[in-house]
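> One structure is given below, represented as C-alpha coordinates, and several questions about it will come after.
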Amino acid sequence: MSERKRDKQLGIRTTGIREWESLLDRIHYNRYEATPYRALDVLSDKYMFCRVKRIVDFGCGRGRVLFYLHNRFHIPAVGVEANTETYEEAVENAAMYKLKAKHIAAPVEFVHCRAQEYRIEGRDNCFYFFNPFSGHIFREVIDNILQSVEEEKRAVDLILFYPINEYIDYLETATPFHIIDEIIVPGASDKNDKFYIYRLEG
(Lines of atoms letter the chains of each structure in order from A and count residues from 1; the text may use other names and numbers.)
(Lines give C-alpha, C1' and ligand atoms only; values in the text may rest on other atoms or scores of the structure.)
Protein backbone atom coordinates (compact mmCIF):
# COMPACT_ATOMS: atom_id res chain seq x y z
CA MET A 1 0.00 0.00 0.00
CA SER A 2 1.33 3.46 -0.89
CA GLU A 3 2.35 6.09 1.65
CA ARG A 4 -0.60 8.26 0.60
CA LYS A 5 -3.06 5.41 1.12
CA ARG A 6 -1.62 4.73 4.57
CA ASP A 7 -2.01 8.43 5.34
CA LYS A 8 -5.62 8.30 4.18
CA GLN A 9 -6.37 5.46 6.59
CA LEU A 10 -5.35 7.74 9.45
CA GLY A 11 -6.99 10.83 7.97
CA ILE A 12 -3.69 12.72 7.70
CA ARG A 13 -1.30 14.20 5.12
CA THR A 14 2.38 13.62 5.80
CA THR A 15 4.02 12.81 2.46
CA GLY A 16 6.55 15.05 0.73
CA ILE A 17 9.75 16.85 1.66
CA ARG A 18 10.31 20.35 3.00
CA GLU A 19 13.65 22.13 3.19
CA TRP A 20 14.32 24.95 5.63
CA GLU A 21 14.28 28.32 3.86
CA SER A 22 16.95 30.11 5.89
CA LEU A 23 20.60 29.17 5.33
CA LEU A 24 21.21 29.57 9.07
CA ASP A 25 18.44 27.08 9.85
CA ARG A 26 19.83 24.65 7.29
CA ILE A 27 23.10 24.56 9.21
CA HIS A 28 21.36 23.08 12.25
CA TYR A 29 18.12 21.56 10.95
CA ASN A 30 17.61 18.85 8.36
CA ARG A 31 14.76 18.78 5.87
CA TYR A 32 11.37 17.35 6.74
CA GLU A 33 10.85 13.81 5.52
CA ALA A 34 8.54 11.32 7.21
CA THR A 35 9.66 7.90 8.42
CA PRO A 36 8.38 5.32 5.89
CA TYR A 37 5.35 3.35 7.03
CA ARG A 38 7.07 0.05 6.21
CA ALA A 39 9.83 1.02 8.66
CA LEU A 40 7.26 1.89 11.34
CA ASP A 41 5.61 -1.49 10.79
CA VAL A 42 8.93 -3.25 11.43
CA LEU A 43 9.71 -1.12 14.49
CA SER A 44 6.28 -1.76 15.97
CA ASP A 45 6.67 -5.52 15.60
CA LYS A 46 10.09 -5.51 17.30
CA TYR A 47 9.96 -2.83 20.01
CA MET A 48 7.83 -3.14 23.15
CA PHE A 49 5.74 0.02 23.06
CA CYS A 50 3.78 -1.32 26.04
CA ARG A 51 6.64 0.10 28.16
CA VAL A 52 5.97 3.63 26.94
CA LYS A 53 4.21 6.10 29.21
CA ARG A 54 4.56 8.94 26.71
CA ILE A 55 6.59 9.19 23.52
CA VAL A 56 8.19 12.44 22.39
CA ASP A 57 9.15 12.88 18.73
CA PHE A 58 11.78 15.59 18.30
CA GLY A 59 11.46 17.18 14.87
CA CYS A 60 8.10 15.48 14.46
CA GLY A 61 7.26 17.13 11.14
CA ARG A 62 3.63 16.62 10.19
CA GLY A 63 3.22 13.96 12.88
CA ARG A 64 3.22 10.63 11.05
CA VAL A 65 5.15 8.68 13.69
CA LEU A 66 2.93 9.92 16.50
CA PHE A 67 -0.37 9.28 14.75
CA TYR A 68 0.75 5.81 13.70
CA LEU A 69 1.90 4.79 17.19
CA HIS A 70 -1.04 6.44 18.92
CA ASN A 71 -3.44 4.59 16.63
CA ARG A 72 -1.72 1.23 16.98
CA PHE A 73 -0.78 1.27 20.67
CA HIS A 74 -3.07 3.94 22.18
CA ILE A 75 -0.14 5.66 23.90
CA PRO A 76 0.13 9.38 24.78
CA ALA A 77 2.31 11.23 22.29
CA VAL A 78 3.96 14.64 21.96
CA GLY A 79 5.51 16.11 18.85
CA VAL A 80 8.08 18.90 19.03
CA GLU A 81 8.47 20.94 15.84
CA ALA A 82 10.41 24.18 15.26
CA ASN A 83 9.26 24.94 11.70
CA THR A 84 6.12 27.09 11.93
CA GLU A 85 4.53 25.95 8.68
CA THR A 86 5.19 22.29 9.39
CA TYR A 87 3.89 22.64 12.95
CA GLU A 88 0.65 24.16 11.65
CA GLU A 89 0.25 21.23 9.26
CA ALA A 90 0.73 18.82 12.16
CA VAL A 91 -2.01 20.59 14.12
CA GLU A 92 -4.32 20.37 11.09
CA ASN A 93 -3.53 16.67 10.82
CA ALA A 94 -4.35 16.23 14.50
CA ALA A 95 -7.78 17.74 13.98
CA MET A 96 -8.50 15.37 11.08
CA TYR A 97 -7.00 12.35 12.83
CA LYS A 98 -9.05 12.85 15.99
CA LEU A 99 -12.24 12.49 13.96
CA LYS A 100 -11.13 8.92 13.21
CA ALA A 101 -9.64 8.19 16.63
CA LYS A 102 -12.36 9.37 19.01
CA HIS A 103 -12.28 5.97 20.72
CA ILE A 104 -8.66 6.45 21.86
CA ALA A 105 -8.45 8.28 25.19
CA ALA A 106 -4.69 8.93 25.16
CA PRO A 107 -3.83 12.46 23.97
CA VAL A 108 -1.75 13.51 20.98
CA GLU A 109 -0.19 16.96 21.40
CA PHE A 110 2.12 19.21 19.40
CA VAL A 111 4.51 21.81 20.77
CA HIS A 112 5.92 24.61 18.64
CA CYS A 113 9.45 25.23 19.90
CA ARG A 114 13.06 24.30 19.28
CA ALA A 115 13.94 20.84 20.53
CA GLN A 116 16.38 22.06 23.17
CA GLU A 117 13.67 24.35 24.60
CA TYR A 118 11.14 21.57 25.17
CA ARG A 119 10.61 20.94 28.87
CA ILE A 120 10.86 17.20 29.44
CA GLU A 121 8.30 15.82 31.87
CA GLY A 122 8.57 12.87 34.21
CA ARG A 123 6.14 10.80 32.15
CA ASP A 124 8.27 11.22 29.00
CA ASN A 125 10.18 7.94 28.79
CA CYS A 126 10.63 7.29 25.08
CA PHE A 127 12.20 9.73 22.61
CA TYR A 128 12.19 9.43 18.83
CA PHE A 129 14.69 11.00 16.42
CA PHE A 130 14.78 10.71 12.63
CA ASN A 131 17.99 12.69 12.16
CA PRO A 132 16.16 16.02 12.66
CA PHE A 133 19.02 18.36 13.52
CA SER A 134 22.75 18.87 14.05
CA GLY A 135 24.85 16.96 16.53
CA HIS A 136 25.16 20.13 18.61
CA ILE A 137 21.40 20.36 19.15
CA PHE A 138 21.19 16.60 19.70
CA ARG A 139 23.70 16.87 22.52
CA GLU A 140 21.67 19.64 24.15
CA VAL A 141 18.49 17.56 23.95
CA ILE A 142 20.20 14.48 25.40
CA ASP A 143 21.60 16.60 28.23
CA ASN A 144 18.05 17.80 28.96
CA ILE A 145 16.83 14.21 29.06
CA LEU A 146 19.61 13.25 31.46
CA GLN A 147 18.80 16.22 33.68
CA SER A 148 15.15 15.18 33.75
CA VAL A 149 16.09 11.63 34.71
CA GLU A 150 18.30 13.00 37.47
CA GLU A 151 15.30 14.88 38.86
CA GLU A 152 12.81 12.03 38.37
CA LYS A 153 14.47 8.62 38.28
CA ARG A 154 13.15 6.36 35.53
CA ALA A 155 14.25 4.21 32.62
CA VAL A 156 14.17 5.97 29.26
CA ASP A 157 14.66 4.77 25.70
CA LEU A 158 15.88 6.58 22.61
CA ILE A 159 14.73 5.40 19.18
CA LEU A 160 16.99 6.66 16.39
CA PHE A 161 16.15 6.10 12.74
CA TYR A 162 18.93 6.62 10.19
CA PRO A 163 21.10 8.55 12.69
CA ILE A 164 24.21 10.48 11.76
CA ASN A 165 27.48 9.16 13.20
CA GLU A 166 27.76 12.15 15.51
CA TYR A 167 24.63 11.03 17.39
CA ILE A 168 26.00 7.52 17.89
CA ASP A 169 29.46 8.71 18.89
CA TYR A 170 28.06 11.06 21.51
CA LEU A 171 25.75 8.48 23.05
CA GLU A 172 28.44 5.81 23.23
CA THR A 173 31.33 7.95 24.47
CA ALA A 174 29.76 10.67 26.61
CA THR A 175 26.51 9.34 28.10
CA PRO A 176 25.30 6.41 30.23
CA PHE A 177 22.98 5.21 27.45
CA HIS A 178 23.72 1.77 26.03
CA ILE A 179 22.47 0.17 22.85
CA ILE A 180 19.94 -2.62 23.32
CA ASP A 181 18.89 -3.31 19.74
CA GLU A 182 19.43 -2.59 16.06
CA ILE A 183 16.35 -3.14 13.94
CA ILE A 184 16.97 -3.54 10.22
CA VAL A 185 14.21 -2.68 7.76
CA PRO A 186 14.02 -5.67 5.36
CA GLY A 187 14.15 -4.83 1.68
CA ALA A 188 15.47 -1.30 2.23
CA SER A 189 17.67 -0.02 -0.57
CA ASP A 190 19.90 1.85 1.90
CA LYS A 191 21.82 -0.19 4.49
CA ASN A 192 21.42 2.71 6.93
CA ASP A 193 17.64 2.29 6.96
CA LYS A 194 17.55 0.88 10.46
CA PHE A 195 16.61 1.80 13.99
CA TYR A 196 19.01 2.03 16.90
CA ILE A 197 17.46 1.62 20.35
CA TYR A 198 19.38 3.05 23.30
CA ARG A 199 18.37 2.67 26.93
CA LEU A 200 19.18 4.36 30.20
CA GLU A 201 18.19 2.07 33.05
CA GLY A 202 16.17 3.58 35.88
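So the sequence shown is residues 23 to 224, counted in the numbering used here.
Note that beta-carbon positions come from the ideal geometry of N, C-alpha and C, so glycine has one too.
DSSP state of Arg221, grouped into three classes?
Indexing the sequence shown from 1 puts residue 221 at position 199. Arg221: strand per DSSP, three-state reduction.
> Please work out which residues of its chain come closer than 6 Å, Cβ to Cβ, to Phe149, disregarding the five sequence neighbours upstream and downstream, and give them in chain order.
As a first step, residue 149 must be located in the sequence shown, where it is residue number 127. Val78 and Leu180.
> I think Gly85 touches Ala116, with their Cβ atoms under 8 Å apart; what is that distance to the nearest whole Å?
As a first step, residue 85 is located in the sequence shown; it is residue number 63 there, counting from the start. As a first step, residue 116 is located in the sequence shown; it is residue number 94 there, counting from the start. Rounded, the Cβ-Cβ distance is 7 Å, consistent with contact.
> For a quick check, are the C-beta atoms of Tyr184 and Lys216 less than 9 Å apart?
The count along the sequence shown starts at 1 and reaches residue 184 at position 162. The count along the sequence shown starts at 1 and reaches residue 216 at position 194. The answer is yes: Cβ separation under 9 Å.
> So the beta strand (DSSP E) His234 belongs to, where does it begin and stop?
What the structure shows of the chain is the stretch from 23 to 224, and residue 234 is not part of that stretch, so it cannot be assessed.
> Kindly indicate the opening and closing residues of the beta strand (DSSP E) around His134.
Counting from one through the sequence shown, the residue named residue 134 turns up at place 112. Per DSSP, His134 belongs to the beta strand (DSSP E) from Val130 to His134.
> Need the endpoints of the alpha helix (DSSP H) that Gly157 sits in, please.
The residue you call residue 157 lines up with position 135 of the sequence shown. Gly157 to Glu173 is the span of the alpha helix (DSSP H), which, as asked, contains Gly157.
> What does a CB cutoff of less than 8 Å around Ala127 pick up in its chain, not counting 5 residues either side in sequence?
Position 105 of the sequence shown, counted from the first residue, corresponds to residue 127. Answer for Ala127: His96, listed in chain order.
> According to DSSP, what are the bridge partners of Val102?
Indexing the sequence shown from 1 puts residue 102 at position 80. In DSSP, Val102 forms a bridge with Phe80 and Val133.
> Tell me which residue opens and which closes the beta strand (DSSP E) that Asp179 is part of.
Position 157 of the sequence shown holds residue 179. It spans Val178 to Phe183 - the beta strand (DSSP E) in which Asp179 sits, taken as one unbroken run.
> Who are the near neighbours of Arg26 in its chain, counting only those whose CB is closer than 7 Å to its CB and skipping five residues on each side?
Here residue 26 is taken as the residue at index 4 of the sequence shown, counted from 1. Taken in chain order, the residues that qualify are Thr37.
> Using alpha carbons as the reference points, say which of Gly144, Tyr51 and Gln169 lies closest to Ala104.
Locating residue 104 in the sequence shown gives position 82, counting from the first residue. Here the closest residue by C-alpha is Tyr51.
> Report yes if the C-beta distance between Gly33 and Leu121 is below 9 Å; otherwise report no.
Within the sequence shown, numbered from 1, the residue matching residue 33 stands at position 11. Within the sequence shown, numbered from 1, the residue matching residue 121 stands at position 99. Cβ distance < 9 Å, so Gly33 and Leu121 count as in contact.
> Can you give me the Cβ contacts of Ser170 inside the same chain, cut-off strictly under 6 Å, excluding the 5 residues immediately before and after it?
As a working note, residue 170 is residue 148 in the sequence shown. Contacts found: Ile142.
> Could you tell me the boundaries of the beta strand (DSSP E) in which Phe151 lies?
Indexing the sequence shown from 1 puts residue 151 at position 129. Here the beta strand (DSSP E) through Phe151 covers Cys148 to Phe151.
> Please return the same chain residues whose Cβ sits closer than 8 Å to the Cβ of Arg29, not counting the five positions on each side in sequence.
What you label residue 29 is simply residue 7 of the sequence shown in a count that begins at 1. This sequence places Asp at residue 29; Arg is not what is there. The residues are Arg35, Thr36, Thr37 and Arg86.
> Can you look up Glu114 in the DSSP assignment and give me helix, strand or coil?
Walking along the sequence shown from the start, residue 114 turns up at place 92. Three-state DSSP puts Glu114 in a helix.
> Please report the straight-line C-alpha distance between Asn93 and Lys75, rounded to a whole angstrom.
Residue numbering aside, residue 93 sits at position 71 when the sequence shown is read from its first letter. Residue numbering aside, residue 75 sits at position 53 when the sequence shown is read from its first letter. When rounded, the distance between both Cα atoms is 15 Å.
> Could you tell me the distance, in whole angstroms, from the CA atom of Cys135 to the CA atom of Val102?
Here residue 135 corresponds to residue number 113 of the sequence shown, with the count starting at 1. Here residue 102 corresponds to residue number 80 of the sequence shown, with the count starting at 1. The alpha-carbon atoms of Cys135 and Val102 are separated by roughly 7 Å.
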